[in-house]
Each structure stands twice: as C-alpha cells, then as structure tokens.
Amino acid sequence: MVMTMKTQRKFKNYAALLKAFIDQGGEVTAPIDLDAIADMLGIEVRDAPELEETDVIGEISFDKEGGHAVIKINPFQNTYLVRRRFTLAHELGHYCLHSSSDKQVFSDDRKTMNRMASYWDKYESEANSFAAQLLMPKQLVLNESGIILDSYITENGGRKMTTEQFTDQIARVFCVSKQAMQYRLQSIGIIS
Ligand SMILES: [Zn+2]
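The sequence shown maps to residues 38 to 229 in the working numbering.
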C-alpha cells in the first residue's frame, strides 16, 4: 500500500528548506522559528480540539494537487511546547519530503513519531530525522555548543561542564526535549 504512494520532494532536505527561509528574509537562530517557516510555505497550522478522544498527535493533509496543506495539532497531546514543536517539525518534514497527490493525509501518533518504533517505516523515519535536523541544525548546534562551553568554563574558573549539564542547557536553548538533544548531539559527534 505504502509502495504505490506518489510523493514529491518540495525540498531535498532540511538545509534546502532553511536556505529558502533565509532567502525570504528569515533568520536561522535558536530556537528555530517553525511558525515563521510554516507561514513562508503557506501552510495553515491550527489546533484541532476535535482530536481530543483520538491517539492522533498531529496530522497533515494535502489538497488533491499536493499543493495547499493544513497541519492539525492535537492540543491535548501537545501541552508542552517542546512536544508541540517536535510535532510541527515532523509534519513539516512530511510537507517537504512527501507532498502527495494520492495519499492526502499523514496522521501521526506516538508510534509514528517515535524514532525507534518508526525505524522500518520509510516515510515516518524520514519525517522524524527531518524534524530533529530542522529543530537542531548542525552548524547552529556547533556554534551554540561553543558559546555555552566557553561561558561555563569562564564562569567556573576553568572547570569543565558535565555532559548532563551541557545537554540540559543546550536543549533549553533550542527548545527541544533533553532526549532529542542527546540523540542529536550523539549523531553530530559532540558527545559520545
Ligand atoms: Zn508522520
């Protein structure tokens, strides 16, 4: 069923999306302004309280031409800002990578938005990777890491920061969960 889907890439990857955002006058600073990016793409993002009794955390639907898109966020499953940001970034991933003319909805729950549980699902694992990269762009993570470490060492008379303290602090700068940041730092190679 999934094999027959026709999807198209609107952007090759997260870097291409951020480049377009910068070209349109957007600023790539932490935390990444996802709402401004969605605005630039002409995507309607709305809270969907009608999803209360469902397991749906977020979903994106495309019109028949695969053009105009609407992202619905279940407010009951996204009460924490970091959760909402991840949900929105995941749906933006579907928009950029999987705009579709024959499957018009991607509906996400705990399973599709989990990195491990979605491992074998091409579309969901791509959307999860895209979300992590968009929320935590590599170069920006490297820059912010340097700033955090330098100021800590200066303020603490040369003492080094623990990995735990560092992850906690940089996760707050990017407004993401500590767990998401830990995995991203590992994949970039900043922590082991
Ligand atoms: Zn998804």
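Where a beta carbon is used, it is the ideal one built from N, C-alpha and C, also for glycine.
In the three-state DSSP reduction, isoleucine 110 falls in the strand class (E or B). Taking a contact as a CB-CB distance under 8 angstroms, the pair proline 68 and phenylalanine 211 counts as one, their CB atoms being some 5 angstroms apart. Going by DSSP, phenylalanine 58 is part of the alpha helix (DSSP H) stretching over 51-60. Secondary structure note for phenylalanine 99: its beta strand (DSSP E) is the uninterrupted segment 95-99.
The closest heavy atom of ligand 1 lies less than 8 angstroms from the beta carbon of phenylalanine 143.
For valine 119, the uninterrupted alpha helix (DSSP H) run begins and ends at 118-135, by DSSP. Where serine 188 is concerned, the enclosing alpha helix (DSSP H) starts and stops at 175-192.
For glutamate 81, the three-state secondary structure derived from DSSP is strand. Placement of the Cβ of glutamate 89 at a distance of 8 angstroms or more from every heavy atom of ligand 1 is found. The bridge partners DSSP lists for serine 144 are Glu96. Relative to the non-hydrogen atoms of ligand 1, the Cβ of methionine 150 comes within a distance shorter than 8 angstroms of at least one.
Comparing alpha-carbon positions, the option among Lys197, Phe113, Ala75, Lys215 lying closest to cysteine 133 turns out to be Ala75. Distance from the C-beta of tyrosine 160 to the nearest heavy atom of ligand 1 is below 8 angstroms. Counting along the chain, the unbroken alpha helix (DSSP H) around aspartate 205 starts and ends at 200-211. In the DSSP assignment, alanine 154 falls outside any alpha helix (DSSP H), carrying neither H nor E. CA-CA distance, lysine 215 to methionine 173, rounds to 12 angstroms. Not one heavy atom of ligand 1 lies closer than 8 angstroms to the C-beta of alanine 53. Distance from threonine 124 to glycine 95 at the Cβ level is roughly 4 angstroms; contact confirmed, criterion being Cβ atoms closer than 8 angstroms.
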